[in-house]
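See below for the structure under consideration.
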DNA sequence: CTCGATTGAGTTGCGCGCGACTTAATTGGT
DNA sequence: ACCAATTAAGTCGCGCGCAACTCAATCGAG
């Protein structure tokens, strides 16, 4: 019932500043915000850019495979892909051997956008300003965290 | 102009799996998803929970101060606070000495919710399953990253 | 004291992100 | 061969999250 809070920074405290989850939440939004002006040049949002990354890597991917790669539900991807199609960057085709499945292909415009996107990761890497070791450590810990939290 | 992608994992590659930004994006959503069932018990969303954390820490905070603490705009906070008010957890009052400012106070129900919330950070910490050193390293790197990316 | 600039809160529009659901196609056990 | 269960994609509702904007209150230079 104490209203005046002066807790120590122990494990499981309710202090915002102590919490990893908040650092994660803040960092993720800060990075997305940093991307925005760069992606505006390409006419993409950040999730749309991630989809394009997958397609530039491997053209002709099903919605299901996209969802697996990006950890996104079809309820998120379907409208997003609709917008990419409307922007003329992708095509969607029903697979003939399994009519449930929809395969995404790049249009010429979508494939060409890759050239313009080439400078984006460099610019972001520069803005992040982590040295290679910090970058590797961060990726390692974030993947570990994701795996732990997902299967629990 | 190469369509077939077999790049090395150099700095600035367009490979999704190499990118720190994607690891960050995926981890943030995974953690939020892990919170959801716990916060459902409290009738809170994750951003609402963060607001309550701030208020439990220091009751009587202005919208502007909340925004600074959480790195959120008033356009995000105003509707969110409206919902917390509708849920009977907070009150909003215009400050008398500066009529522009709105101060947020916990209601009794809002203050009491703190008791039920006490187990949440523990459960999340357990699910994250990072040892204290990893936890500290992750927080350090994420704060560094946020700071770097914000002022660039 | 005045009035243009700044500040705090809020509204609007749009794109996620996901839970809950629907529909259609495929699978598999009997 | 059948049909119940599963699977893939999509729709709907709602809550963010932010840019662009409005409005009212306050500040501050002259």
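Protein chains in written order, with the UniProt record's numbering: chain R, 1 to 152; chain A, 1 to 152. The C-beta atom is built at its ideal place from N, Cα and C for all residues, glycine as well.
Cα-Cα separation between residue 68 (chain A) and residue 92 (chain A), rounded to whole angstroms: 18 Å
Taking the alpha-carbon positions, what's the residue 21 (chain R) to residue 113 (chain R) distance? 35 Å
Helix, strand or coil for residue 29 (chain R), going by three-state DSSP, please let me know. helix
Tell me the residue span of the beta strand (DSSP E) that contains residue 100 (chain A). Here residue 100 (chain A) belongs to no beta strand (DSSP E), and DSSP marks it neither H nor E.
Between residue 79 (chain A) and chain R, is any beta-carbon pair separated by less than 8 Å? no
Use the C-beta contact count for residue 98 (chain A): other C-beta atoms within 10 angstroms, 16 or more gives buried, fewer gives exposed. exposed
Where residue 149 (chain A) meets chain R, residues with beta-carbon distance less than 7 Å: 30, 31, 34, 127, 128
Where residue 23 (chain R) meets chain A, residues with beta-carbon distance less than 7 Å: 139, 142, 143
By the criterion of Cβ-Cβ separation under 7 Å, what are the contact partners of residue 102 (chain R) in chain A? Within chain A, no residue comes near residue 102 (chain R); the closest Cβ sits about 20 Å away, beyond 7 Å.
Inter-residue CB distance, residue 31 (chain R) and residue 31 (chain A) (contact presumed, cutoff 8 Å): Actually they do not touch by this definition, with Cβ atoms about 15 Å apart.
Exposure label - residue 40 (chain A); buried when at least 16 CB within 10 Å: exposed
Inter-residue Cα distance where the pair is residue 60 (chain R) and residue 101 (chain R): 12 Å
Counting only runs of 3+ residues fully inside the segment 15-97 of chain A, write out the beta strand (DSSP E) ranges in chain order. 90-94
Rounded C-beta distance between residue 141 (chain R) and residue 134 (chain A)? I'm assuming under 8 Å. 6 Å
Using a Cβ-Cβ cut-off of 8 Å, state whether residue 155 (chain A) counts as contacting chain R. In the structure as shown, chain A begins at 1 and stops at 152. Residue 155 (chain A) is therefore absent and cannot be evaluated.
Please report the straight-line C-alpha distance between residue 137 (chain R) and residue 123 (chain R), rounded to a whole angstrom. 20 Å
Just to check my reading of the structure: residue 23 (chain R) and residue 143 (chain A) have Cβ atoms closer than 8 Å, yes? What is that Cβ distance to the nearest angstrom? 6 Å
Pop quiz: residue 14 (chain A) and residue 56 (chain R) are said to be a contact at Cβ under 8 Å. What is the actual Cβ separation, rounded to whole angstroms? 6 Å
From which residue to which residue does the alpha helix (DSSP H) around residue 144 (chain R) run? 132-150
What does the alpha-carbon distance come out to for the pair residue 50 (chain A) and residue 146 (chain R)? 20 Å
Is residue 111 (chain R) helix, strand or coil when you go by DSSP? helix
Cβ atoms of residue 127 (chain R) and residue 71 (chain A): under 8 Å apart, would you say? no
For the alpha helix (DSSP H) that contains residue 119 (chain A), what are its first and last residues? 119-128
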